[in-house]
Structures are given as structure tokens and as C-alpha cells.
Amino acid sequence: MKLTDYLRDRGMLLLLHLVCMCLAAAFFRLTGYSSANTVLFLTVWLLVLWSWLMCAFLQRRKFFRDAREILDKVDQRYLLGELLPDSYRLEDRLYKEMILRSNKSCIERIRRIEKEQRDYREYMESWVHEIKAPITGIALLCGNRRGTVPASGSDYLTISLENQKIENCVDTVLYYARSEEVYKDYLIREVCLEEMVFEVLEKNRLLLICSQIGADVNCRDTVYTDGKWIAFILNQILLNSVKYRGENPLLRIYSKRETGSVSLIFEDNGTGIRPEDMPRIFEKGFTGSNGRSNGRSTGMGLYLCHRLCDRLGIGLSAESEYGMGTKLYLKFPISSYIRDARSGEGKLADDSETRLL
Amino acid sequence: MRITIIEDEALIREELKILLENALYQVSAPDIFTSVTHITRQILEDAPDLVLLDVNLPGLSGFDICTWIRQHMDVPIIFLTSRTSPMDELSGLLKGGDDYITKPYQAPVLLARIATVLKRARGLEAAESTLFTRDGVSLDIARCCLSFRDRNVDLTKNEMKILHMLFRHPKTFVPRMDLIEYLWENHIFIDDNTLSVHIAKLREKLKSIGVENFIETKRGMGYRV
Chain A
1 MKLTDYLRDR GMLLLLHLVC MCLAAAFFRL TGYSSANTVL FLTVWLLVLW SWLMCAFLQR
61 RKFFRDAREI LDKVDQRYLL GELLPDSYRL EDRLYKEMIL RSNKSCIERI RRIEKEQRDY
121 REYMESWVHE IKAPITGIAL LCGNRRGTVP ASGSDYLTIS LENQKIENCV DTVLYYARSE
181 EVYKDYLIRE VCLEEMVFEV LEKNRLLLIC SQIGADVNCR DTVYTDGKWI AFILNQILLN
241 SVKYRGENPL LRIYSKRETG SVSLIFEDNG TGIRPEDMPR IFEKGFTGSN GRSNGRSTGM
301 GLYLCHRLCD RLGIGLSAES EYGMGTKLYL KFPISSYIRD ARSGEGKLAD DSETRLL
Chain B
358 MRITIIEDEA LIREELKILL ENALYQVSAP DIFTSVTHIT RQILEDAPDL VLLDVNLPGL
418 SGFDICTWIR QHMDVPIIFL TSRTSPMDEL SGLLKGGDDY ITKPYQAPVL LARIATVLKR
478 ARGLEAAEST LFTRDGVSLD IARCCLSFRD RNVDLTKNEM KILHMLFRHP KTFVPRMDLI
538 EYLWENHIFI DDNTLSVHIA KLREKLKSIG VENFIETKRG MGYRV
């Protein structure tokens, strides 16, 4: 709040005083006071007015400065009504009351929406779990019939493939619903990357075999993370590679150990990503020129991966040469604590060995 | 080996039954889920070697049944469920389950885990034959080699797996698709063309030890030995 702004705001009051001063001067002149007395009187008047205005200004400035400070510090700004400093002024009290009422309705609305959203999310989750029963049924049925009824074996294979697609779509929904609250649903433990990759490849084996894709896996490293989420992320990446495959498709999945991290690199030789699309591939709903020409892209897969990786503290980045293939890097950090503990163990073992010798 | 399936979803129950019967287990699957006592009496009568237990049953919980079974019998239990949260998995294992598999499960994975639990429970390993012979050609899994009369040839892991599958189904054509799927289940992720290459190499190796026309090809059907 600036002084000039404040004075402009008090314009009417100043005008009133000016008019009064003029009237008083005119009155003094008519009643025959000396002009020196009139000037003295008006000077005192101005002085009193000025100091009063200054006091009021400083007070107001402090009030609003406090209010603003509270507003800056508070996380949920819509709670301002409760936190506004007390004031003796009627206007402030009235405003505070109104802000309180407005905030209350705002909070109620937020609560209601939050509850609706939570209910919806919970419903989505239970729905996903329900739909998994028929998906399992179809998968088992096709698996059993494929070997025993040779005539329609390929039909059952097609149904299995489509069923697998349904399962993948349903998974996306489940993980999208959960991605908001990853912290409620994870279990960090030692995970062997190779096992995770095997699991995902095995799950999609029909799709991969039918798409004539081979895979070369070499990632023996272990990391500390939640296997279920990693499996989902790998699954999405794998499906992308299948969707945008090129000639003689081959996947190379390998890990690299660096100081402070383990990287899992997922490389394909598919169509790749155009350089102009590159900066936006992790955005929600971004389909890119590949997705548009494919016509079946939702722009959700990589967005979800990125979001989950963020929540899990994994660095996800991509590298691609258009027409040559894509490399996706999953960088798992290794806590220095675990590393120290590990090397400590190693040292301990060394010690005992030397002692034995 | 007897397995009891407690699963309320009729389709899944029937298909699981077929799957397990194909894998040479004896299967019983009650289809009435009115009360815990009814199911538990059935389990007591069957005296199975393994129980596959669904968690969500109409009106009752698989966890309760598990608790009851644990109090009365010492039989391995595998939970089958569509719930995927770690809390459910934890409570499943705490109630005395031996394993926890989430729907939709992969048939080979399911069978492998059943076999593991059974093996652990019985404390013995089913000795699988490591030597196969057909028309004088013998495949030694343990030594990873192929021999005919006195001549030996070493095999790579991939070639051995291919032959293993063919030797296990003698006289029948094994479709390429099944063969590749079997390899994928054994973590060899090859495509159709690579399989042809491997078969060609195998034929060469067979020729080097004096066997010809051992692996037959039939277009659209697959391979057989």
C-alpha cells in the first residue's frame, strides 16, 4: 500500500476538509479577523489533519501487511477468513464476516468434490477388480481350448489376444485411479529387474510372438522399489514398442550400474519419435504424429509412466532417432545408506576372511 | 495329487478345473457357498494336498476359511484373488496362506507356483527324467548334449529347450506357436524367424553325428521327432 494510493482513496475526506477550510477562511475574513490569525488557524488545522491521516495510514498499512503475510504463508488460501487479524473497525469486521461465509461455502464445495472424487476412485478400483474375474475366465477358457480344439485354435488365439488388450486397458484405468495416492499403496523391497522384465514379457508373450518380436534381456541388477508399479510401467513401455514396431523388431532390455543409481534401458528398433514431438511425449493427452497416424493412441501411457515414476522417485527419460528406434531410461536411485551398508557388509566379510586365513 | 478349488465364479472354476486336470491333478470344486461350515466340511472330506482359495466369496471371506483350515488341517493354501493391494497380500500370508496369486493369472505361472508349493510341502522333488531317447538319438538334459551311437554333440541352451519340448511330445507335431510359447515361458524371447534358424542349426548338428531327417517339418502344423 502506497501513501499516494491511500491519499487518493481518502479524496472525498480531503475535499470535505478543503471546503471546510475555505468556509472557515471566508467566515474569519467576514468577521474581521486578521489574515495572520487565519493562516495560523489553517496551518494548525492542516497539521492535525496530516498527522491523523499519517497515523491512520500506518495502521492500515500494518493491517494489510499482516494479512498478506498470512496469505503468503498459508497453504490453503481459501482459509483466509479464519486467519484475518482482528480489527476494531466496523468495515473490517463486516468484510471478515463476508469472507468467512464465502470461504465456508467454498470449503463445503471442495469437500463435496473431494468426496465425490474419492467415491468415484473407489468405485473404479472395485469395478476393475470385478472385471478381472471375467477376463481371467476368458483367458483360462481360451488357454484350455487352444490345445484341444485344433480346428478353431487360431480363433481362441485371437480371443486371447483381444482379451489381453482388454486387460491392459483395464490396468491403465486402475493405475490412473491410484496414481494420485501412490504413497498409500506401495511396498518397497528388493526387486530383481530381470524378474520384473521376465514377468512383463511373459504376460504379453502371445502379443509379442504374434507380432514377431524377439527380445534380448540382460539386466541382473537389483533395485529397491515397488515391483507392481514397475511392472505396470514396463508394460506400458513394452506396449508402445509393440505399437510402433518397425521391420524385424527386436527389443533390447539391459541395465547399467552407475554411481548412485541403476539404469534400466529399454531399447527398441521401431519407428522412433520425431524430434519436434520429443519434448512433449510425457504430456497428458499428447499423441504426436506417430499417434495420429496410428489413430489409436490415447496419450495416456507415457503420461502415466512419467507420473508414477515421479511418485516413486525414478528418473524417466527418452532418447530417440526418428526411423531408427527409441531408448527409454529408467533411473533408479540407490540410497547412499544402502550402498554404505552393502560395502560395510562386504568389508565385514573381508575382515572375517582375513581373520580365518 | 488332489487339489480343491474354492471359487464362486462358475466359469473360472470350470476352466481352472480343466487346466489342472490337464496337468494331471485330481480336482474337486464345490459349487455351493452358503456357509463356512459347508465348505470346510467339503474340504475335510476331500482331504486335498492343496487348496486354491478365492478371497471374495459371496457373503464370506476367504481369509476366514483360511483361518479355519489352519486350525484343523495342515494343507498348503494358495490365495487366488483380484485384489492387488499389498495389504491384502500381507493379510493373506499372515492368515497362513502359502502363496498369493492375483487375477488374471497366467496359466503357466499358476501351474509353476502350484508345483512349487506342493514340492515345498512334501519336501521332496519330483525327479524329472533328464534323459530322453527316440530312434536311437538321446538327449541328455543334465549334460546338455545330444548323442547317437558313439558320437556326441553339445547343444546351446536354446537348442536344448527346443529339443526338450519335441522329445516330450514324441510322434506328434508341435505347432511352431506352441514351441515359441514354451521358449518364452523359459525366458528365451525369440521370434518366428529365429526359431527357423535354430531348427536349421539343429539339423546341421544332427547331421554331424550321422542322423538325418530326424526333425520332420509339416507346413502349417509344426515339427516332430
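So the protein sequences, as listed, match chains A and B. Throughout the first sequence, residue numbering follows my numbering, covering 1 to 357 in sequence. Throughout the second sequence, residue numbering follows my numbering, covering 358 to 582 in sequence. No residue lacks a Cβ here, since even glycine has one placed at the ideal position from N, Cα and C.
Amino acids of chain A, ordered along the chain, whose beta-carbon sits closer than 9 Å to that of residue i
i      : result
B:Y462 : T136, A139 and L140
B:L451 : The premise fails here: B:L451 is roughly 14 Å from chain A at the closest Cβ pair, so nothing lies under 9 Å.
B:T551 : G214
B:E366 : A133, P134, T136 and G137
Chain-ordered neighbours of residue i on chain B, where CB pairs are closer than 7 Å
i      : result
A:L207 : Within 7 Å Cβ-Cβ: nothing; A:L207 doesn't reach chain B, min ~11 Å.
A:A215 : F546
A:G313 : Residues of chain B passing the Cβ test: none, with the nearest at roughly 18 Å.
A:K132 : S439, K460 and P461
A:K243 : Near A:K243 there are no residues of chain B at all, since even the closest Cβ is about 17 Å away, more than 7 Å.
A:H129 : S439 and R440
Local Cβ density within 10 Å of residue i, reported as buried at 16 or more and exposed below that
i      : result
A:W229 : buried
A:H129 : buried
A:C22  : exposed
B:I400 : buried
B:Q428 : exposed
A:F332 : buried
A:N290 : buried
B:I369 : buried
B:T361 : buried
B:D585 : Chain B is shown from 358 up to 582; residue 585 of chain B falls before or after that span and cannot be answered.
B:G567 : exposed
B:R398 : exposed
B:E569 : exposed
B:T513 : exposed
B:A469 : exposed
B:P405 : buried
B:I422 : buried
A:W52  : exposed
A:C219 : buried
A:L7   : exposed
A:C309 : buried
C-beta atoms of residue i and residue j nearer than 8 Å
i      : j      : result
A:M124 : A:V173 : yes
A:V223 : A:V262 : yes
B:L410 : B:I434 : yes
A:S87  : A:F63  : yes
A:I99  : A:L84  : yes
A:K203 : B:Q463 : yes
A:G214 : A:L238 : no
B:F530 : B:G579 : yes
B:I537 : A:I209 : yes
A:T136 : B:P465 : no
A:Q212 : B:D549 : yes
B:L376 : B:V474 : no
A:L328 : A:Q236 : no
B:E573 : B:R581 : yes
A:F286 : A:G301 : no
A:N163 : A:C142 : yes
B:V432 : B:F420 : no
A:H17  : A:L49  : yes
A:D226 : A:Y186 : yes
Chain-ordered neighbours of residue i on chain A, where CB pairs are closer than 8 Å
i      : result
B:I369 : A133, T136, G137 and L140
B:M534 : L157 and I209
B:I537 : I209
B:L376 : L140, G143 and N144
Contacts of residue i in chain B (Cβ-Cβ under 9 Å)
i      : result
A:L201 : W541, H544 and F546
A:E167 : P461
A:K284 : Chain B residues near A:K284: none, gap ~24 Å exceeds 9 Å.
Proximal chain B residues relative to residue i, where beta-carbon distance stays under 8 Å
i      : result
A:G325 : What A:G325 touches in chain B: nothing, since even the nearest Cβ is about 16 Å away.
A:L316 : Per Cβ cutoff of 8 Å: no residues; A:L316 is ~22 Å from chain B at best.
A:F198 : H544
Residue i: contacting residues in chain A (beta-carbon distance under 7 Å)
i      : result
B:S442 : D185
B:L373 : L140
Contiguous alpha helix (DSSP H) assignments of at least 4 residues, all confined to the stretch 363–388 of chain B: 367–379
Going along the chain, which unbroken runs of the beta strand (DSSP E) with 3 or more residues stay wholly within the stretch 419–458 of chain B? 434–438
Taking three-plus beta-carbon pairs below 8 Å as touching, is the stretch 376–394 of chain B in contact with the stretch 153–166 of chain A? no
Can we say the stretch 233–249 of chain A touches the stretch 264–278 of chain A, given the rule of at least three CB pairs closer than 8 Å? yes
Which runs of the alpha helix (DSSP H) fall wholly inside the stretch 460–500 of chain B and span at least 4 residues, in chain order? 464–479
Starting from the N-terminal side, write out each stretch of the alpha helix (DSSP H) that is 4 residues or longer and does not extend beyond the stretch 158–238 of chain A. 193–203 and 205–210
Any chance you could list the alpha helix (DSSP H) runs of at least 4 consecutive residues sitting entirely within the stretch 20–84 of chain A, in chain order? 35–73 and 80–83
Could you say if the stretch 466–479 of chain B and the stretch 501–508 of chain B meet the contact criterion of at least three C-beta pairs nearer than 8 Å? no
Please go through the stretch 244–325 of chain A and give each complete beta strand (DSSP E) segment of 3 or more residues, from N-terminal end onward. 250–258, 261–268 and 315–321
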